[in-house]
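>
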Amino acid sequence: MEGLPNLLKTNPKTNSINLEFCEIEALDPLLPLLAQFTELQELLLFGNRLESLPRNLSQLRKLEKLDISNNLIESIDKIIPSLKSLPSLVDLHITLQHDDEEQLILDSLPNLQRLNGAEIETEKEEKEGQPAIQVEMSETIDFGSEDLNLKQEDLEKVAIMYDEIRNLWRDADPSYDKKLAEDFDSHVKDIMGELSQMLKQGESNNLIHGYMLKAKHGLYLICQEKITQLIIKQNKKAGALLKNVNQALSSLFGDSLSSLFSVHMKYQEKIKAMKSDMEKAMKETAEVLEAAEQIEKEAETHKMEKERLKRMLDEEKEEMRQELETLQNENKRYLDIIIKHSKTNAESALTGRTISPGNEDLRSSRGNTSYRQVSLGGSRILTLRQLKDTILEIYASKAKFDQKCLDTKQPRETMEQHMYTFLNQKYGLKSLIIEWASAIISGIKRFSSEDNDVAVFGKILRNECDEEFRFVQSQVKETVAELVRVHLKGKYPLKTNGDIQEMLQEKFNGFLSEEEWTDIVKYMYNETDADLLVSLIGEVIQLKNYPTEQSQNKNKLTREELLSAKEKEKANNGKIAYTDLLKILLDFQLKGHEKFLSKFIQLFRKVDSDNNGVVNEMEFRELLAFTEMGFSEEDTLRLLHIVDPYNNQQITFSECISLFSTEPAPNQDNKEEKDKVAVLQKLSLSEE
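In numbering that gives the first Met the number 0, the protein residues as written are 0 to 687.
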């Protein structure tokens with residue numbers, strides 16, 4: 000079945016197709032494909048599992064011979080319409096179950112000339128004394144093995160047996176002798192022709208063996224059929240029983256042969272696939288061997304050159320190693336000098352610059368520091384905006400550098416270390432690195448009390464806060480903004496999103512009413528913290544003393560205008576600038592986090608001997624011991640594997656915070672997972 004498409008491509012004009020023993024259960028799926036063989040005259044379906052035929056076979060216009068014997072067709076009545084639809088059918092092979100089925104076929108198919116290999120007589124010819132059958136053995140087939148030979152003696156045995164059957168028929172019905180002779184000759188020719196065709200196809204010995212068995216079975220089958228017909232003629236009941244037995248045996252033989260062919264085909268496919276793989280592997284092996292031989296020749300040709308190059312490379316590597324070691328030592332010395340000078344210059348720049356307090360508006364002074372850059376005494380001084388932009392650049396660079404360290408299995412840097420790495424990559428010159436480092440440190444000292452982002456960065460540099468805390472502060476900003484937006488949406492439900500966004504932007508640049516900021520604080524914090532924050536915000540409002548629009552010109556107002564101004568001023572009581580509220584909340588978060596980390600910072604500084612925010616394995620073990628929580632050796636090794644998986648012996652302050660903020664304290668096996676206390680939390684509780 001799988002070969003039909005290939006056959007259609009290679010030989011669409013073929014007049015014969017053999018589909019015997021292919022385990023075909025239905026012909027309908029194959030009919031469109033068979034119809035494309037326009038010259039098809041012979042279709043062999045012997046030994047399959049067909050139970051019926053397609054209703055309309057008229058597409059097979061030139062089909063003359065059809066073999067559907069030894070299938071599972073139970074009733075001839077079901078397939079008569081299908082056979083009638085074949086316009087050119089003259090030769091039919093079919094297994095008959097009952098005596099009257101032969102006559103039914105003859106009556107239904109008047110153009111049929113041969114049925115099961117026998118000529119259909121139109122006139123009775125009564126002739127006796129037919130000569131004995133002569134079988135020419137010019138087509139005797141030898142397959143190179145005694146088991147696979149169809150010998151002269153095989154045909155002679157069949158001929159002798161058939162002659163004896165004819166003798167029995169002469170006694171019963173002399174007129175039937177001529178038909179017996181013709182049937183035998185035709186049957187033998189069909190079998191030998193089919194076998195010869197199979198030999199021409201060059202199939203394997205196993206498959207030919209199967210067809211040889213089929214041929215031998217076919218030779219004896221005609222003897223069986225004729226003797227069965229004779230017994231039926233003499234004793235219908237016994238003959239019918241014998242016929243059923245013979246048909247059952249033939250069916251069993253057909254099934255066995257079909258199974259043999261099926262197994263053979265499967266093995267042939269496997270063998271074919273294995274041969275293909277073997278040929279491919281041999282070809283690849285040959286190519287590899289050829290390439291290897293070529294490489295070996297080239298290697299031999301350039302052996303001396305390689306040895307010379309290797310010697311040169313070893314010498315250069317040794318020189319470069321020594322030079323690299325020298326440069327590393329020098330670079331470390333210069334970096335220490337840079338850090339020392341940058342800190343010294345920052346302190347000098349800060350102390351050399353005095354800021355006189357004035358009575359200007361806070362927002363006005365903030366604006367001045369954001370947009371002006373001043374250079375005093377030759378040192379760089381950054382505005383608040385420049386400083387915050389630089390901090391964001393350092394954060395972004397640090398994130399990329401951390402990912403690179405993770406990919407290359409290298410240790411992370413502290414924020415202070417990376418600041419100098421960042422400045423070195425950006426400016427390169429030592430003088431610029433020192434100048435910018437001094438400017439950043441000076442800016443942190445100047446603006447930490449004024450801007451929370453700067454304060455957080457400064458504490459991260461000094462290892463007083465972990466790097467991840469800046470994301471907590473970002474979340475606070477987003478939460479406050481979202482709560483203001485929700486408040487506006489609830490207050491003005493009919494406003495569009497665009498209008499709400501404009502109003503929200505006005506709030507960002509302006510003030511929040513007492514109702515608004517009170518709702519925000521109470522939503523974000525528990526009752527104790529909320530009360531404390533409300534008190535702090537009230538103090539800031541009193542300290543700021545935010546002016547109203549007409550407060551400067553009260554003396555020039557009329558009585559009505561003065562009353563209106565007082566009402567507005569009363570309504571504005573309790574308002575606070577959005578930026579001031581945000582700073583109060585962020586500072587509150589930062590102080591709470593500092594308090595949370597205070598005990599751990601004390602312990603970390605005990606083991607951080609060089610005060611650089613980095614500890615090795617020994618110092619990490621000491622840190623665990625100082626917690627006095629009873630970490631076992633197994634716990635210690637597990638934590639080391641988490642925080643320093645590649646044994647770089649460099650564990651930063653922030654990495655420790657990240658680890659201990661989620662790692663449960665030991666000796667809590669009796670608690671559920673949700674009830675276990677983390678190491679940092681336990682340290683914080685012990686501090687209280």
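From the three backbone atoms N, C-alpha and C, an ideal C-beta is built for every residue, glycine too.
So E63 packs on V89, CB below 8 Å; how close in whole Å?
On the sequence shown, residue 63 is found 64 positions in, with the first residue counted as 1. On the sequence shown, residue 89 is found 90 positions in, with the first residue counted as 1. Indeed they touch by this definition, with Cβ atoms about 5 Å apart.
> By alpha-carbon positions, which one of T478, F468, L638 ends up nearest to F595?
For the purposes of this step, residue 595 is taken as residue 596 along the sequence shown, with counting starting at 1. Nearest C-alpha to F595: F468.
> Decide yes or no for the touch test of the region 216-228 against the region 178-192: beta carbon pairs closer than 8 Å, at least 3 of them.
Touching, yes.
> Please return the same chain residues whose Cβ sits closer than 6 Å to the Cβ of G688, not counting the five positions on each side in sequence.
No statement about residue 688 is possible, as the shown extent of the chain runs from 0 to 687 and does not include it.
> For S15, report the span of its beta strand (DSSP E) as first-last.
Taking the first residue of the sequence shown as position 1, residue 15 is located at position 16. Here the beta strand (DSSP E) through S15 covers 15-17.
> Would you please state the rounded distance, in angstroms, between the beta carbons of L386 and I439? I believe it to be under 8 Å.
Residue 386 sits at position 387 when you count from the first residue of the sequence shown. Residue 439 sits at position 440 when you count from the first residue of the sequence shown. With 8 Å as the limit, L386 and I439 qualify as a contact, their Cβ atoms being about 7 Å apart.
> Is Q551 helix, strand or coil by DSSP?
Position 552 of the sequence shown, counting from 1, holds the residue named residue 551. In this prediction, Q551 scores a pLDDT of 48, lower than 50, which makes its location untrustworthy; no coordinate-derived value is stated.
> Below 8 Å on the Cβ atoms is my guess for F630 versus P665; work out the distance and round it to an integer in Å.
Your numbering for residue 630 matches position 631 in the sequence shown. Your numbering for residue 665 matches position 666 in the sequence shown. About 6 Å; that satisfies the 8 Å criterion.
> Between L49 and L82, is the Cβ-Cβ spacing less than 8 Å?
Your numbering for residue 49 matches position 50 in the sequence shown. Your numbering for residue 82 matches position 83 in the sequence shown. No, the Cβ-Cβ distance between L49 and L82 is not below 8 Å.
> Please report the residue range of the alpha helix (DSSP H) in which L3 lies.
On the sequence shown, residue 3 is found 4 positions in, with the first residue counted as 1. Where L3 is concerned, the enclosing alpha helix (DSSP H) stretches over 3-9.
> Does DSSP put D694 in a helix, in a strand, or in coil?
Because the chain in this structure spans residues 0 to 687, residue 694 falls outside the shown range and cannot be described.
> Between the alpha carbons of E101 and I67, how many angstroms are there, rounded?
As a position in the sequence shown, residue 101 is number 102, starting the count at 1. As a position in the sequence shown, residue 67 is number 68, starting the count at 1. So the alpha carbons of these two residues sit roughly 14 Å apart.
> Run through DSSP, which three-state label would V614 get?
By 1-based counting over the sequence shown, the position of residue 614 is 615. V614 falls in the strand class under three-state DSSP.
> Which same chain residues end up closer than 7 Å to R165 when comparing Cβ atoms and leaving out the 5 residues on each side of it in sequence?
Sequence index remark: in the sequence shown, residue 165 carries index 166 (1-based). D176, L179.
> Below 8 Å on the Cβ atoms is my contact criterion, and I expect F659 with V678 to pass it. Report the Cβ-Cβ distance as a whole number of Å.
Taking the sequence shown and counting its residues from 1, the one referred to as residue 659 is at position 660. Taking the sequence shown and counting its residues from 1, the one referred to as residue 678 is at position 679. About 4 Å separates the two Cβ atoms, so the contact holds.
> If you run the structure through DSSP and keep just helix, strand and coil, what is I583?
Along the sequence shown, read from residue 1 onward, the residue named residue 583 stands at position 584. It is helical.
> As a quick exercise: from E514, K242, H216, F603, pick the residue whose alpha carbon is nearest that of E463.
On the sequence shown, position 464 is the one that residue 463 refers to. The candidate whose alpha carbon is nearest that of E463 is F603.
> Report the three-state DSSP secondary structure of F599 (helix, strand or coil).
The residue you call residue 599 lines up with position 600 of the sequence shown. Residue state, collapsed to three classes: helix.
> How would you call L244, buried or exposed, if buried means at least 16 neighbouring beta carbons within 10 angstroms?
Residue numbering aside, residue 244 sits at position 245 when the sequence shown is read from its first letter. One point to set straight first is that residue 244 is Val, not Leu, in the sequence displayed. Classification for V244: exposed.
> Counting Cβ pairs, one atom from each stretch, are 3 or more of them under 8 Å apart for the region 207-220 and the region 24-31?
No, they do not touch.
> Does DSSP put E515 in a helix, in a strand, or in coil?
Mapped onto the sequence shown, residue 515 falls at position 516. DSSP places E515 in helix when its eight states are reduced to three.
> Would you check if the distance between the CB atom of Q58 and the CB atom of A25 is smaller than 8 Å?
Stepping through the sequence shown from its first residue, residue 58 is reached at position 59. Stepping through the sequence shown from its first residue, residue 25 is reached at position 26. Cβ distance not < 8 Å, so Q58 and A25 don't count as in contact.
> Work out the CA separation of Q472 and Q402 for me, nearest whole Å.
Here the question's residue 402 lines up with position 403 in the sequence shown. Here the question's residue 472 lines up with position 473 in the sequence shown. Distance between the alpha carbons of Q402 and Q472 is about 22 Å.
> Tell me the DSSP secondary structure of I72 in three-state form.
Position 73 of the sequence shown, counted from the first residue, corresponds to residue 72. Note: I72 maps to coil in three-state DSSP.
> With DSSP collapsed to three states, give me the class of K408.
Position 409 of the sequence shown, counted from the first residue, corresponds to residue 408. Here K408 sits in coil by DSSP.
> Start and end of the beta strand (DSSP E) containing K64?
For this step, residue 64 is matched to residue 65 along the sequence shown. Looking at the DSSP string, the run of the beta strand (DSSP E) that includes K64 is 64-66.
> What span of residues does the beta strand (DSSP E) with E41 cover, start to end?
Along the sequence shown, one-based indexing puts residue 41 at 42. Its beta strand (DSSP E) spans residues 41-43.
> Roughly how many angstroms lie between the CA atoms of H186 and D153, to the nearest whole one?
Looking up residue 186 in the sequence shown gives position 187. Looking up residue 153 in the sequence shown gives position 154. Spanning the two alpha carbons is a distance of roughly 15 Å.
> How long is the line joining the alpha carbons of T701 and M319, rounded to whole angstroms?
This structure cannot settle anything about residue 701, because the visible part of the chain is limited to 0 through 687.
> According to DSSP, is D668 part of a helix, a strand, or is it coil?
Working through the sequence shown from its first residue, we reach residue 668 at position 669. If DSSP states are grouped into helix, strand and coil, D668 belongs with coil.
> Looking only at its chain, what residues have a beta carbon closer than 6 Å to the beta carbon of K12, apart from the 5 residues adjacent to it on each side?
One-based indexing of the sequence shown puts residue 12 at position 13. Counting only Cβ-Cβ distances below 6 Å, and skipping sequence neighbours, we find E38.
> Taking its Cβ as the centre, do 16 or more other Cβ atoms sit within 10 Å of K688, making it buried, or is it exposed?
The question about residue 688 has no answer here: the residues shown for the chain are numbered 0 through 687.
> Can you give me the Cβ contacts of E538 inside the same chain, cut-off strictly under 6 Å, excluding the 5 residues immediately before and after it?
Here residue 538 refers to the residue found at position 539 of the sequence shown. No residues qualify anywhere along the chain.
> Go through the region 477-543 residue by residue and report every complete run of the alpha helix (DSSP H) that reaches 4 residues or more, in order.
Those alpha helix (DSSP H) runs which fall completely within the region 477-543 and span 4+ residues are 496-508, 513-523, 526-543.
> Specify the secondary structure class of R379 as computed by DSSP and reduced to three states.
Within the sequence shown, numbered from 1, the residue matching residue 379 stands at position 380. Strand, per DSSP.
> Quickly, what does DSSP pair P663 with across the bridge? List them, please.
Residue numbering aside, residue 663 sits at position 664 when the sequence shown is read from its first letter. The partner list for P663 (beta bridge, DSSP) reads A677.
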